[in-house]
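A.B. asks: Numbering (the UniProt record's numbering), first residue to last: 1 to 430.
Ideal placement from N, C-alpha and C gives every residue a C-beta, glycine not left out.
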Amino acid sequence: MADPREASSDEEQKNTLTAEDSSMTEMEPSEDMTEMEPSEDTNTEETLKTFRDLTGSGKTGAFALPILQSLLASAQRLHTLVLTPTRELAFQIAEQFDALGSSIGVKTAVVVGGIDMMSQALVLAKKPHVVIATPGRLIDHLENTKGFNLRALKYLVDKVLRIIPRDRRTFLFSATMTKKVQKLERAALRNPVKCAISTKYATVEKLQQYYIFIPSKYKDCYLVSILNELAGNSFMVFCGTCNNAQRVALLLRNLGITAIPLHGQMSQNKRLGALNKFKSKSRSVLLATDVASRGLDIPHVDCVINFDIPTHSKDYIHRVGRTARAGRSGKSITFVTQYDVELFQRIETLIGKKLPAFPTQEEEVMMLVERVSEAQRFARIEMKESAEKRKRPRAPEDDDGEQSSGVRKKVKGGAFRGGRGRGGGFKRGR
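(1) Measuring straight from C-alpha to C-alpha, what distance separates glycine 113 and proline 85?
(2) Name the one or two DSSP bridge partners that glycine 330 has.
(3) State the Cα-Cα distance for the pair valine 320 and methionine 117, rounded to the nearest angstrom.
(4) Cβ-heavy atom distance between lysine 354 and the ligand GDP below 6 Å?
(5) Just to confirm, is the Cβ distance from glycine 101 to leucine 68 under 7 Å?
(6) According to DSSP, is lysine 194 part of a helix, a strand, or is it coil?
(7) Tell me which residue opens and which closes the beta strand (DSSP E) that asparagine 306 is part of.
(8) Per the contact definition of three or more C-beta pairs closer than 8 Å, is the region 205 to 213 in contact with the region 258 to 265?
(9) Do you know whose CA, among Asn191, Glu95 and His79, lies nearest glycine 61's CA?
(10) Under three-state DSSP, which class holds phenylalanine 91?
(11) Have a look at the DSSP bridge pairing and note the partners of threonine 80.
(12) With DSSP as the reference, please indicate the residues paired to methionine 236 in a beta bridge.
(13) For the alpha helix (DSSP H) that threonine 349 lies in, which residues bound it at each end?
(14) For isoleucine 212, which residues does DSSP report across the bridge?
(15) If you count every other CB in all the chains shown that lies within 10 Å of the CB of tyrosine 339, and 16 or more means buried, which is it?
(16) Quick check: what's the CA-CA separation for threonine 241 versus alanine 324?
(17) Among Gln76, Phe307, Val204 and Glu370, which has the Cα closest to the Cα of isoleucine 333?
(18) State the DSSP-derived secondary structure class of phenylalanine 358, mapped to helix, strand or coil.
(19) Around the Cβ of leucine 272, are there at least 16 other Cβ atoms within 10 angstroms (buried) or fewer (exposed)?
(20) My understanding is that valine 111 touches histidine 141, with C-beta atoms under 8 Å, so please give their C-beta distance in whole angstroms.
(21) Return the bridge partner residues of isoleucine 260 from the DSSP annotation.
(22) Counting beta carbon pairs with one atom in the region 215 to 228 and one in the region 246 to 256, are three or more of them shorter than 8 Å?
(23) Could you tell me the distance, in whole angstroms, from the CA atom of threonine 145 to the CA atom of phenylalanine 171?
(24) Taking the alpha helix (DSSP H) that threonine 60 belongs to, which residues open and close that run?
(25) List the residues that DSSP assigns as beta-bridge partners of alanine 245.
(26) Give the DSSP-derived three-state secondary structure of alanine 324 in the structure shown.
(27) On the CB-based measure, 16 or more other CB atoms within 10 Å of its CB, does lysine 314 come out buried or exposed?
(28) Ends of the alpha helix (DSSP H) at alanine 109?
(29) Mind checking whether glutamate 88 and leucine 287 have CB atoms under 7 Å apart?
(30) Do isoleucine 93 and isoleucine 139 count as a contact pair if the criterion is CB distance below 7 Å?
(31) Can you give me the C-alpha to C-alpha distance between proline 66 and alanine 109, rounded to a whole angstrom?
(32) Hey, quick one: how far does the alpha helix (DSSP H) through glutamine 376 stretch, first residue to last?
(33) Would you mind sorting alanine 90 into buried or exposed? The rule is 16 or more other CB atoms within 10 Å of its CB.
(34) In terms of alpha-carbon separation, which member of Val372, Lys353 and Val285 lies closest to leucine 207?
(35) How many Å lie between isoleucine 305 and valine 106 at the Cα?
(36) Since threonine 258 and arginine 283 should fall inside the 8 Å C-beta cutoff, what is the C-beta to C-beta distance between them, to a whole number of angstroms?
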């Protein structure tokens, strides 16, 4: 297959980094700078520290430890508010606060959507030391829960800032610095200090990054081939939509592959259940949208596959950052179709690397077409049936929407054994 970089592009990649706000002070860290100094700026009325670092480098501990030291020095209820972009990340951060602060009795509360507000209000009434929240549910409590009242304002930022004291320190951590974050700095903070561990957008050195240039209609076949070639590893496969993540998960299960979906249209219990099954290694493939791309720390992810290429280049860094974390090695493979060439070129420009092609045998992949086509057909049937039964109650054990066990038997040959790659075929999913 031809190299997609040979295709011409009408637009050159624009530099997404804008000039820093003139009020921002730059700090150049030393090579061994791995954490924040908790004693810094204790007399500063309001300080922002913006930390941008490689994925999997310990950002949670870098802000949790100074907070816990401050609590140890002066215990105070409702001491800290941590805002996260996703629910799963909120639970993960709470687990780390609980683990690190167990010896000093730190109490935490997770305030996210998809969970009963009354039970959350009861926890908040006990005034925990640390509240970890997603913005939407936090606003719900600010407006409806006693002690969190708030007058309706125009912007979410305004709503949050109105109920937290001016005399505070604010820490912002991200693997990428976007224009939205820069706007937040300018709107909400005075004389912020920025500390960038890395001066450019980069991926970790131990991450082996590849691309594969394929026709769009054969994406499913190539995915099955790669999963078989690298059998025995654990995979996170990123899809562009909830519907596609669900469809591909059903397709793989129809072929006997232990796959499970994780996306925003699932209930919170199902999302946590899916994540826990993947973490416990009872499922080898997690089909996810970008709800799982930021912050989640799953140590055993061996390979990230960008089944649908991200439309925003910086999302690529977050996605592939789910593997090769904390000094481990890992692999990423990005599917590039005839429609994705420009997006792929933008990613290479952002990370400053030309990615090598992942070796595949087209003849072997084409041998899977009939089997995969049949699995696709059954997946479409299941998607249709699921849509029709959406309002019906389901059994508690169906917490991940796994509905393909009966259909899988109809696929010729039973469990998937195709291909002659390393590690043999897949075992039938339980």
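C.D. replies: So, from the listed chains and residues:
(1) 12 Å
(2) Leu207
(3) 34 Å
(4) Looking at this structure, you won't find the ligand GDP or any other ligand, since it has none at all.
(5) yes
(6) strand
(7) 303 to 306
(8) no
(9) For glycine 61, the closest of Asn191, Glu95 and His79 by C-alpha to C-alpha distance is Glu95.
(10) helix
(11) Beta-bridge annotation (DSSP): threonine 80 is paired with Val130.
(12) Leu286 and Val304
(13) 341 to 351
(14) Phe335
(15) exposed
(16) 25 Å
(17) Phe307
(18) coil
(19) buried
(20) 6 Å
(21) Leu286
(22) yes
(23) 26 Å
(24) In this chain, the alpha helix (DSSP H) harbouring threonine 60 covers 59 to 73.
(25) Answer by DSSP bridge pairing: none, since alanine 245 is not bridged.
(26) coil
(27) buried
(28) Here alanine 109 belongs to no alpha helix (DSSP H); instead the beta strand (DSSP E) covers 108 to 111.
(29) no
(30) no
(31) C-alpha of proline 66 to C-alpha of alanine 109: approximately 19 Å in a straight line.
(32) 369 to 388
(33) buried
(34) Lys353
(35) Here the alpha carbons of valine 106 and isoleucine 305 stand approximately 38 Å from one another.
(36) 5 Å
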